[in-house]
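Participant: Positions 29 to 342 (the working numbering) are the ones given, in order, by the sequence shown.
Each residue gets a CB set at the ideal place from its N, CA and C atoms; glycine is no exception.
Before anything else, here's the structure in question.
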Amino acid sequence: MKVSIIVPCFNEQESLPIFYEEVIRVLDSIHCEYEILFVNDGSNDDTLAVIKEFTDRNRMIKYISFSRNFGKEAAMYAGFCNVDGDYTVVMDADMQDPPMLLSKMLRILEEEDYDSVATRRENRTGESMIRSQFARIFYYIINKISDADIVDGARDFRLMKKSMVDAIVQMGEYNRFSKGIFGWVGFRTFWLPYENQERVAGETKWSFWGLTKYALDGIINFSQVPLSFASLFGVIMTMCSFLAVVFIIIRKLLFGDPVQGWTSLVCIITFIGGIQLFCMGIMGQYIAKTYLEVKKRPHYIISDSNKEDIKKVN
Ligand code: UDP
Ligand code: MG
């Protein structure tokens, strides 16, 4: 049995040594064959040097280094494309995915009839109120309008059998939203809740705006529902205008037709204009995604690695 661990790293020089010690300790206690694949996502600190130090000490340590920052999604995809373990897991370098849980996760996959063990934070301690409230709203909306099952609090920390990893590699879309992809491919998943951990060192790379954009991307990637807003608004507007016509005809018959209502007319025109622009904006988002998708650019570019059979560009 071989376990592959994928670790996306972006400016993690402080957390990496702590992570490394802990994960090796856990792996040694499990007594299994393993490889740890660090994906250096264009860090501009000494992350790569720290990783290279690990490779000198331990030949199970592999690394891939990107030519620039491509984002965690690209780093995870590069990982999935380049590991060959019977079981594969993605872990953050900041210890927010406790390595301690690994042995329990492995036991569940080995002994029970599941294809993956996914982790879910039970609470959001250490996170601001506004942030967790927005997260809750996001999960509510996306589950209402998409077929992928996206669980609130789910982490990317997930141990998977090879068959599931192969399915994920096959999903070669450029706009990646892993929480959706994991749910979309299906397979039997065991959910393991755990207490939220705060990162050991360094800072989160997510700004509030970055997270909002990520959430909107997730919705657009996994649902076509926003596209039908335009038709819905269209139907409602047509019905309203029909009622208005009836109202005006009756008023004309009963009271004659004094010219009035300039203000209401301007309000209606700007209102409809606003809705039209809003709908065009939504369509624009989908077109932009399609544009990126059809260009078929590589997900990532590798500048350095110690793996022999590396997939240079994908
Ligand atoms: N990460 C990455 N590329 C990026 C941003 C983050 O590879 O552009 C890695 C980061 O090094 C960490 C993991 O993704 O191992 C999670 O990042 P972070 O802790 O900033 O996110 P959070 O835990 O706050 O969601
Ligand atoms: Mg983190």
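Would you call Pro-221 buried or exposed, if buried means 16 or more other Cβ atoms sit within 10 Å of its Cβ?
Facilitator: Residue 221 sits at position 193 when you count from the first residue of the sequence shown. Result: exposed.
Participant: Since Pro-36 sits in a beta bridge, which residues does DSSP pair it with?
Facilitator: Counting from 1 along the sequence shown, the entry for residue 36 is found at position 8. Beta-bridge pairing links Pro-36 to Val-67.
Participant: Which residues in the same chain have their Cβ closer than 8 angstroms to the Cβ of Leu-255, if we skip the five residues on either side of it in sequence?
Facilitator: As a first step, residue 255 must be located in the sequence shown, where it is residue number 227. Correct list, in chain order: Ile-310, Met-311, Tyr-314.
Participant: Return yes when the C-beta of Gln-124 is under 8 angstroms from any heavy atom of ligand 2, and no when it is not.
Facilitator: One-based indexing of the sequence shown puts residue 124 at position 96. Yes, the beta carbon of Gln-124 sits closer than 8 angstroms to at least one heavy atom of ligand 2.
Participant: Using a Cβ-based criterion (distance less than 8 angstroms to any ligand heavy atom), does Cys-37 qualify as near ligand 1?
Facilitator: Within the sequence shown, the letter at position 9 stands for residue 37. True, at least one ligand heavy atom lies under 8 angstroms from that Cβ.
Participant: Report yes if the C-beta of Asp-112 is less than 8 angstroms from at least one heavy atom of ligand 2; otherwise report no.
Facilitator: Here residue 112 is taken as the residue at index 84 of the sequence shown, counted from 1. For ligand 2, not one heavy atom lies less than 8 angstroms from the Cβ of Asp-112.
Participant: For the candidate residues Asp-143, Val-197, Pro-36, whose alpha-carbon lies nearest to that of Met-123?
Facilitator: Against the sequence shown, residue 123 aligns to sequence position 95. Selected option, being the one with the closest Cα: Pro-36.
Participant: Note down the Cα distance separating Lys-280 from Val-273, rounded to an integer number of angstroms.
Facilitator: Along the sequence shown, read from residue 1 onward, the residue named residue 280 stands at position 252. Along the sequence shown, read from residue 1 onward, the residue named residue 273 stands at position 245. When rounded, the distance between both Cα atoms is 11 angstroms.
Participant: Name the one or two DSSP bridge partners that Glu-61 has.
Facilitator: As a working note, residue 61 is residue 33 in the sequence shown. DSSP, once it has assigned bridges, lists Lys-30 as partnering Glu-61.
Participant: Would you say the beta carbon of Glu-40 comes nearer than 8 angstroms to a heavy atom of ligand 1?
Facilitator: As a working note, residue 40 is residue 12 in the sequence shown. Yes, ligand 1 has a heavy atom inside 8 angstroms of this Cβ.
Participant: Buried or exposed: which applies to Ile-277, given that a residue is buried once 16 or more other Cβ atoms fall within 10 Å of its Cβ?
Facilitator: As a position in the sequence shown, residue 277 is number 249, starting the count at 1. Looking at its Cβ environment, which holds fewer than 16 other Cβ atoms inside 10 Å, Ile-277 is exposed.
Participant: For Asp-114 and Asp-332, what's the separation of their Cα atoms in angstroms?
Facilitator: What you label residue 114 is simply residue 86 of the sequence shown in a count that begins at 1. What you label residue 332 is simply residue 304 of the sequence shown in a count that begins at 1. Cα-Cα distance, rounded: 25 angstroms.
Participant: Any chance the CB of Asp-120 is under 8 angstroms from a heavy atom of ligand 2?
Facilitator: If you number the sequence shown from 1, residue 120 lands on position 92. Correct: Asp-120 has its Cβ closer than 8 angstroms to ligand 2.
Participant: Only counting the same chain, and skipping five residues up and downstream in sequence, which positions put a Cβ closer than 6 angstroms to that of Tyr-202?
Facilitator: By one-based count along the sequence shown, residue 202 stands at place 174. Closer than 6 angstroms at Cβ, skipping near neighbours: Leu-320, Glu-321.
Participant: Hey, quick one: how far does the alpha helix (DSSP H) through Ala-316 stretch, first residue to last?
Facilitator: Within the sequence shown, numbered from 1, the residue matching residue 316 stands at position 288. Unbroken alpha helix (DSSP H) run through Ala-316: 290–323.
Participant: If I'm right that Gly-208 touches Ile-178 with Cβ under 8 angstroms, what's the distance once you round it to whole angstroms?
Facilitator: On the sequence shown, residue 208 is found 180 positions in, with the first residue counted as 1. On the sequence shown, residue 178 is found 150 positions in, with the first residue counted as 1. 6 angstroms between Cβ atoms; contact.
Participant: Below 8 angstroms, can you find three or more Cβ-Cβ pairs linking the stretch 87–105 to the stretch 135–146?
Facilitator: Taking 8 angstroms as the limit for Cβ pairs, the verdict is that the stretch 135–146 does not touch the stretch 87–105.
Participant: Is it the case that the Cβ atoms of Asn-55 and Val-78 are separated by a distance below 9 angstroms?
Facilitator: If you number the sequence shown from 1, residue 55 lands on position 27. If you number the sequence shown from 1, residue 78 lands on position 50. The identity of residue 55 in the sequence shown is Leu, whereas the question assumes Asn. No, these two residues do not count as a Cβ contact at 9 angstroms.
Participant: Can you tell which of His-59, Ile-58, Tyr-62, Val-67 has the C-alpha that lies nearest to the C-alpha of Leu-44?
Facilitator: The residue given as residue 44 occupies position 16 in the sequence shown. Closest by alpha carbon: Val-67.
Participant: Pull up the distance between the alpha-carbon of Thr-240 and that of Ile-52, whole angstroms please.
Facilitator: Along the sequence shown, one-based indexing puts residue 240 at 212. Along the sequence shown, one-based indexing puts residue 52 at 24. Thr-240 and Ile-52: Cα-Cα distance of roughly 35 angstroms.
Participant: If you count every other CB in all the chains shown that lies within 10 Å of the CB of Gly-302, and 16 or more means buried, which is it?
Facilitator: As a position in the sequence shown, residue 302 is number 274, starting the count at 1. Gly-302 is exposed by the Cβ-count criterion.
Participant: Rounded C-beta distance between Phe-38 and Ser-71? I'm assuming under 8 angstroms.
Facilitator: The residue given as residue 38 occupies position 10 in the sequence shown. The residue given as residue 71 occupies position 43 in the sequence shown. Sure, about 5 angstroms apart at Cβ, within 8 angstroms.
Participant: Is the stretch 163–182 touching the stretch 209–217, taking contact as three or more C-beta pairs under 8 angstroms?
Facilitator: Enough Cβ pairs lie closer than 8 angstroms, so yes.
Participant: Can you tell which of Arg-216, Cys-295, Gln-225 has its C-alpha closest to the C-alpha of Arg-183?
Facilitator: Start at 1 with the first residue of the sequence shown, and residue 183 comes out as number 155. Out of Arg-216, Cys-295, Gln-225, Gln-225 has the C-alpha closest to the C-alpha of Arg-183.
Participant: Does DSSP put Pro-326 in a helix, a strand or coil?
Facilitator: On the sequence shown, residue 326 is found 298 positions in, with the first residue counted as 1. Reduced to three states, the DSSP call for Pro-326 is coil.
Participant: If distances are taken between C-alpha atoms only, which option among Phe-205, Glu-223, Asn-334 comes closest to Phe-250?
Facilitator: Your numbering for residue 250 matches position 222 in the sequence shown. Comparing Cα-Cα distances from Phe-250 to each of Phe-205, Glu-223, Asn-334, the minimum goes to Phe-205.
Participant: Under the three-state reduction of DSSP, which class applies to Trp-219: helix, strand or coil?
Facilitator: Numbered from 1 along the sequence shown, position 191 holds the residue referred to as residue 219. In the structure shown, Trp-219 sits in a strand (DSSP, three-state: E or B).
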